[in-house]
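Numbering (the working numbering), first residue to last: 5 to 234. I have placed the structure first, in the form of structure tokens, so that the comments after it can refer back to it.
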Ligand SMILES: [Zn+2]
């Protein structure tokens with residue numbers, strides 16, 4: 005009897021552990037309420053926005069592509085605010101270059117698993133999800149309109165070092181001036197910088213949108229289906 009009870013108890017415990025592991029593998033459960041997602045492709049709103057989608061190439065911290073398509077999306081109000089930021093920067097002689105926008109949750113999980121413990125502040129915990137997963141975060145830099153060249157910032161994009169901090173005081177005066185100019189243009193349109201990364205900005209409404217795991221290829225088709233159903 006006693007052995008049977010122990011066997012039963014250990015199977016029960018094993019089941020609890022297994023279900024929590026399975027649960028941890030999917031996006032976190034959220035209650036909302038949320039706005040209806042409305043991801044729009046940035047270049048469809050503003051053709052002048054330049055793309056350099058590093059995660060669609062091997063030129064990223066993983067050294068391999070994680071996106072099959074080099075595209076960038078944000079929720080509509082964030083995308084419209086970004087277009088306004090681009091217009092204001094262009095008046096100053098610079099244009100936005102986008103490295104990443106909306107990011108499916110499964111990609112956040114890949115980043116987390118590939119990052120060593122001491123660098124985890126540079127990646128979002130998949131158990132919490134990322135503001136990129138909500139379509140409300142964007143990674144970007146600027147290029148000079150005259151030369152067409154991407155400007156030099158105090159650190160490289162996705163560099164996991166103190167040089168990436170928005171308050172880093174090293175590097176050249178010009179690099180810091182441009183970093184701060186980008187920040188001012190973004191803040192004027194409702195974006196807040198993530199302090200350890202000068203290139204990462206969160207749109208003010210991020211809490212209004214759920215964590216999504218839709219692939220880029222599915223975004224247009226899901227929109228069509230939603231519209232047809234109404
Ligand atoms: Zn980011």
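Even glycine gets a Cβ: it sits at the ideal position worked out from N, Cα and C.
For residue 102, the closest C-alpha among the options 171, 114 and 78 is that of 78.
The set of residues whose C-beta lies within less than 5 Å of a heavy atom of ligand 1 reads, in chain order, 143 and 204.
Annotation note: the stretch 111-171 contains the following uninterrupted beta strand (DSSP E) runs of length 3 or greater, listed N- to C-terminal: 141-148. Collapsing the DSSP output to three states places residue 87 in a helix. Inclusion of residue 139 and residue 59 in the CB contact set at 7 Å is not warranted, their separation being larger than that value. Excluding residues up to 5 positions away in sequence, 77, 78, 79, 80 and 83 lie with their Cβ nearer than 8 Å to the Cβ of residue 44 in the same chain. Membership of residue 216 in any alpha helix (DSSP H) is not indicated, and neither H nor E is assigned to it by DSSP. Linking residue 72 to residue 173 through their CA atoms gives a straight-line distance of about 37 Å.
If you draw a straight line from the Cα of residue 137 to the Cα of residue 176, it is about 34 Å long. A Cβ-Cβ separation of about 32 Å leaves residue 38 out of contact with residue 99 under the 8 Å criterion. When C-beta atoms of the stretch 124-136 are compared with those of the stretch 84-95, fewer than three pairs fall below 8 Å, so the two segments do not count as touching. For residue 102, the enclosing beta strand (DSSP E) covers residues 98-104. Per the C-alpha coordinates, the member of 179, 165, 225 and 192 positioned closest to residue 205 is 192. From the listed residues 219, 211, 221 and 144, the smallest Cα separation to residue 40 is found for 211.
Rounded to the nearest angstrom, the gap between the Cα atoms of residue 150 and residue 53 is 15 Å. Residue 218 and residue 114 have their C-alpha atoms some 15 Å from each other. Nearest C-alpha to residue 50 among 34, 91 and 222: 91.
Non-local C-beta neighbours of residue 164 in its own chain, meaning closer than 6 Å and more than five positions away in sequence, comprise 123 and 126, ordered along the chain.
Annotation for residue 177: no beta strand (DSSP E) segment contains it, though the alpha helix (DSSP H) segment containing it runs 177-191.
In summary, residue 120 is exposed, with fewer than 16 beta-carbon neighbours lying within 10 Å of its beta-carbon over all protein chains present. Counted as a single uninterrupted DSSP element, the beta strand (DSSP E) harbouring residue 43 occupies residues 43-45.
Residue 105 counts as buried, since at least 16 other C-beta atoms from the protein chains shown sit within 10 angstroms of its C-beta.
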